[in-house]
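Number of protein chains: 2
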Amino acid sequence: MTSTESKYLADIYAEWLGRMTAEPEMQLPAMRDLFEQWHLVTGEPTEVTYEEVDADGVPSVWCVPQGCVTDRVVLYTHGGGFVVGSRHTHRKLAGHLAKAIGCRALVVDYRRAPEHPFPAQLDDSVRAYRWLLAQGIEAGHIATSGDSAGGNLAISVALKLREDGDPLPAALLPMSPWLDMEHKGETLESNAATDALVQRPILEGMSTMFLGADGSATDPLANPLYADPAGLPPIFMNVGGHETLLDNAQRFEAMAKRAGVEVRLDVADGMQHVYPFLAGRAPEGDKAVNDMADWVRPKLGLA
Amino acid sequence: MTSTESKYLADIYAEWLGRMTAEPEMQLPAMRDLFEQWHLVTGEPTEVTYEEVDADGVPSVWCVPQGCVTDRVVLYTHGGGFVVGSRHTHRKLAGHLAKAIGCRALVVDYRRAPEHPFPAQLDDSVRAYRWLLAQGIEAGHIATSGDSAGGNLAISVALKLREDGDPLPAALLPMSPWLDMEHKGETLESNAATDALVQRPILEGMSTMFLGADGSATDPLANPLYADPAGLPPIFMNVGGHETLLDNAQRFEAMAKRAGVEVRLDVADGMQHVYPFLAGRAPEGDKAVNDMADWVRPKLGLA
Numbered sequence: 000m001t002s003t004e005s006k007y008l009a010d011i012y013a014e015w016l017g018r019m020t021a022e023p024e025m026q027l028p029a030m031r032d033l034f035e036q037w038h039l040v041t042g043e044p045t046e047v048t049y050e051e052v053d054a055d056g057v058p059s060v061w062c063v064p065q066g067c068v069t070d071r072v073v074l075y076t077h078g079g080g081f082v083v084g085s086r087h088t089h090r091k092l093a094g095h096l097a098k099a100i101g102c103r104a105l106v107v108d109y110r111r112a113p114e115h116p117f118p119a120q121l122d123d124s125v126r127a128y129r130w131l132l133a134q135g136i137e138a139g140h141i142a143t144s145g146d147s148a149g150g151n152l153a154i155s156v157a158l159k160l161r162e163d164g165d166p167l168p169a170a171l172l173p174m175s176p177w178l179d180m181e182h183k184g185e186t187l188e189s190n191a192a193t194d195a196l197v198q199r200p201i202l203e204g205m206s207t208m209f210l211g212a213d214g215s216a217t218d219p220l221a222n223p224l225y226a227d228p229a230g231l232p233p234i235f236m237n238v239g240g241h242e243t244l245l246d247n248a249q250r251f252e253a254m255a256k257r258a259g260v261e262v263r264l265d266v267a268d269g270m271q272h273v274y275p276f277l278a279g280r281a282p283e284g285d286k287a288v289n290d291m292a293d294w295v296r297p298k299l300g301l302a
Numbered sequence: 000m001t002s003t004e005s006k007y008l009a010d011i012y013a014e015w016l017g018r019m020t021a022e023p024e025m026q027l028p029a030m031r032d033l034f035e036q037w038h039l040v041t042g043e044p045t046e047v048t049y050e051e052v053d054a055d056g057v058p059s060v061w062c063v064p065q066g067c068v069t070d071r072v073v074l075y076t077h078g079g080g081f082v083v084g085s086r087h088t089h090r091k092l093a094g095h096l097a098k099a100i101g102c103r104a105l106v107v108d109y110r111r112a113p114e115h116p117f118p119a120q121l122d123d124s125v126r127a128y129r130w131l132l133a134q135g136i137e138a139g140h141i142a143t144s145g146d147s148a149g150g151n152l153a154i155s156v157a158l159k160l161r162e163d164g165d166p167l168p169a170a171l172l173p174m175s176p177w178l179d180m181e182h183k184g185e186t187l188e189s190n191a192a193t194d195a196l197v198q199r200p201i202l203e204g205m206s207t208m209f210l211g212a213d214g215s216a217t218d219p220l221a222n223p224l225y226a227d228p229a230g231l232p233p234i235f236m237n238v239g240g241h242e243t244l245l246d247n248a249q250r251f252e253a254m255a256k257r258a259g260v261e262v263r264l265d266v267a268d269g270m271q272h273v274y275p276f277l278a279g280r281a282p283e284g285d286k287a288v289n290d291m292a293d294w295v296r297p298k299l300g301l302a
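Rendered as structure tokens:
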């Protein structure tokens, strides 16, 4: 049984899809403007302040809950297919998550495709992570989080750090991660009728822009379904049951389990893409945020 | 000499005007999306928290600077020609103003034209003012503020309260107010080459939507240039020297002076429409906010 309030997310997605369908020639600036509405889904978290910061060249915003500890941090990478979305669309969601955990969150404005194809997004996110270390934050006191394409980055940042021999974060918190750059998942078809926004043509358009001329859809850093998860930190994912991307999370969960990684996946019945956006508006969003916080606090050494 | 940082405002306005000119058939939802970028001009004010609130049916957001007094309030009405803009585009600007004063600001999402023509915007703004009184805030502890069309409302709210015999706010703080619904001002022509956004066709389109079928361009509550300012609270306006709307503020200043109202008008050389948006980014924006705060604090009984 889904809440009445949660319908807002399906409605706004249906409105966007309707506008994009009605205007197939919609230009990128207009599409970016459209997706900037994402923040509307989330209620303003109370008792959180903000501060813009340059994270070694990556424009970012700190979300600082009143009375939080300052030595634990969520590194938040926003969704939007690597093409749309910003630190502004996800400020409130990251603020809710930070507040529930009792730490700060850093929301990063990585460079977007197609102007900057893969691996610019990953490079910027890793750069922000290393900037946190340079600020004196211990790797074991950092969790990565992000949604959709940013959920991909929450994982691929850890893969890249492992590859480079850098210290890994304490935990990964991807929401509705978009991992499959080949569009092979069966829920892409089986949930096409229930997902209000994420349809094959959008994914194909965005992966083309993301990969650019030189990227490969099977590069493990672009598509973690091709990565070896062995040695990754504990992972907690959530995903909506109505999503076409549902099996991205399910396939990665299975891979991680086989590789011996601690992994949890919550599938929320009847929910749309990145339903934690509903924090501050609908009980499903608040529950998702609180569940992530309860799970990650001990990983970060918080009581 | 204008600052390098202040050029951002002229640049973003020129980009919007370019997009609207390139797409003369731009629909209202796309235009609203475009203007939602307004918030980008303003840097996040630090040490301010936010809380959404229903002000007797008017969706609003509280801006609450840390350590502020809670019994003084700025009622903030956003700009956007009565057609575009929202509590989200102006949250940061109102947050800066509230922080500089040391009180709270309430940013109201009045109903917008053309779906809701005049006087829906005024009715909602007055309703929010009366809701403040019902919360125990004294009229003499409230200042109205707003920019552009919201600067009109910052004045017309006081006119409507006077008409209804309600207690008046302590002070009015309109920024770049748009008052002239007849488009008669001489700076509309003489500053057309320097104003990066506000050109006659935009104003004509918005006033048509605002006035609707029944409104009059000479109704004193729609066009305060036809009002009698006698008995209004002290007024402090600022406006950019490059604005087509410059003489809206100048004409209202002259009227208010003749009527014996305490009035101050600051004209900022070389600045664009609603240059206080530059708070947190450029010195001109910070100065405008600080000057308003210094002027209004004693009016609100603050040291």
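Those protein sequences? They're chains U and W, same order as listed. Residue numbers are given in numbering that gives the first Met the number 0: position 42 of the first sequence equals residue 41, and the series is strictly consecutive. Residue numbers are given in numbering that gives the first Met the number 0: position 180 of the second sequence equals residue 179, and the series is strictly consecutive. Using N, Cα and C, we set each Cβ at its ideal position, and we do this for glycine too.
Residues sharing a beta bridge with residue i, DSSP
| i | result |
| --- | --- |
| U:F174 | Reading off the sequence shown, one finds Met at residue 174 of chain U, where the question assumed Phe. DSSP lists U:D146 and U:N237 as partners of U:M174. |
| U:A376 | Within the shown structure, residues of chain U are numbered from 0 to 302, placing residue 376 of chain U beyond reach of any answer. |
| W:D265 | W:N237 |
| U:Y49 | U:C62 |
| U:V125 | In DSSP, U:V125 forms no bridge with anything. |
| U:I141 | U:V72 |
| W:A97 | W:A97 pairs with nothing; no bridge assigned. |
| W:A292 | Answer by DSSP bridge pairing: none, since W:A292 is not bridged. |
| U:V273 | BP columns for U:V273 are empty, so no partner. |
| W:A9 | According to DSSP, W:A9 bridges with nothing at all. |
| U:A54 | U:V57 |
Residue i versus residue j: straight-line alpha-carbon distance, rounded
| i | j | result |
| --- | --- | --- |
| W:E242 | W:L158 | 25 Å |
| U:D194 | W:E203 | 41 Å |
| U:K9 | U:P297 | According to the sequence displayed, residue 9 of chain U carries Ala and not Lys. Using only the alpha carbons, I get a separation of about 33 Å. |
| U:E35 | W:A119 | 27 Å |
| W:T48 | U:A212 | 44 Å |
| U:H87 | U:H38 | 7 Å |
| W:F276 | W:R199 | 22 Å |
| U:E24 | U:R18 | 11 Å |
| W:S2 | W:M291 | 20 Å |
| U:H95 | U:D53 | 22 Å |
| U:D227 | U:T76 | 21 Å |
| U:A13 | W:M205 | 28 Å |
| W:G78 | W:L224 | 18 Å |
| U:K286 | U:G240 | 15 Å |
| U:G259 | U:H140 | 22 Å |
| U:S5 | U:G284 | 8 Å |
| W:G288 | U:Y274 | Before going on, a small fix: residue 288 of chain W reads as Val here, not Gly. Cα to Cα, W:V288 sits roughly 38 Å from U:Y274. |
| U:A267 | U:V295 | 19 Å |
Buried or exposed (CB count within 10 angstroms, at least 16 for buried), residue i
| i | result |
| --- | --- |
| U:S175 | buried |
| U:M270 | buried |
| U:S215 | exposed |
| U:R90 | buried |
| U:A97 | buried |
| U:D246 | buried |
| U:E162 | exposed |
| U:P282 | exposed |
| U:L132 | exposed |
| W:S189 | exposed |
| W:G145 | buried |
| W:M0 | exposed |
| W:A99 | buried |
Close-in-space but distant-in-sequence residues of the same chain around residue i (CB under 6 Å, 5 per side omitted)
| i | result |
| --- | --- |
| W:E261 | P233 |
| W:A221 | F117, M180 and G214 |
| W:M236 | P173, A248 and L264 |
| W:T186 | T243, L245 and D246 |
| W:T217 | Y225 |
7 Å Cβ shell around residue i - same chain, five flanking residues per side excluded
| i | result |
| --- | --- |
| W:I136 | D70 and V72 |
| U:R358 | With chain U represented from 0 up to 302, any question about residue 358 of chain U goes unanswered, as that position is not in the structure. |
| W:V57 | V107, D108, Y109, D123, R126 and A127 |
| U:I154 | L171, P173, P176 and P223 |
Where residue i meets chain A, residues with beta-carbon distance less than 7 Å
| i | result |
| --- | --- |
| U:V47 | No chain A is present in this structure, whose protein chains are U and W. |
Contacts around residue i, its chain only, beta-carbon distance under 8 Å, and the 5 residues preceding and following it disregarded
| i | result |
| --- | --- |
| U:M208 | G80, F81, V82, A112, P113 and P116 |
| U:L196 | Y12, A13, W15, L16, Q271 and H272 |
| U:S59 | E51, V52, D53, R86, L105, V106, V107, D108 and A127 |
**Message:** Can you pull out the residues from the segment 7-29 of chain W whose beta carbon lies closer than 8 Å to at least one beta carbon of chain U?
**Reply:** With the criterion set as a beta carbon lying under 8 Å from some beta carbon of chain U, the members of the segment 7-29 of chain W are R18, P28 and A29, in sequence order.
**Interface residues of the segment 103-118 of chain U facing chain W [CB-CB below 7 Å]** = Identification of residues in the segment 103-118 of chain U having a C-beta nearer than 7 Å to some C-beta of chain W yields an empty set.
**chain W contacts made by the segment 248-277 of chain U, where a contact means CB separation under 8 Å** = Result list empty, no residue passes.
**Message:** At a CB distance below 8 Å, what residues from the segment 65-94 of chain W approach chain U? Give them in sequence order.
**Reply:** Close to chain U, meaning a Cβ-Cβ distance shorter than 8 Å, are the following residues of the segment 65-94 of chain W: Q65 and H87.
**Prompt:** Taking any Cβ of chain W, which residues in the segment 118-145 of chain U have a Cβ under 8 Å from it, in chain order?
**Reply:** Correct list: empty, as no residue qualifies.
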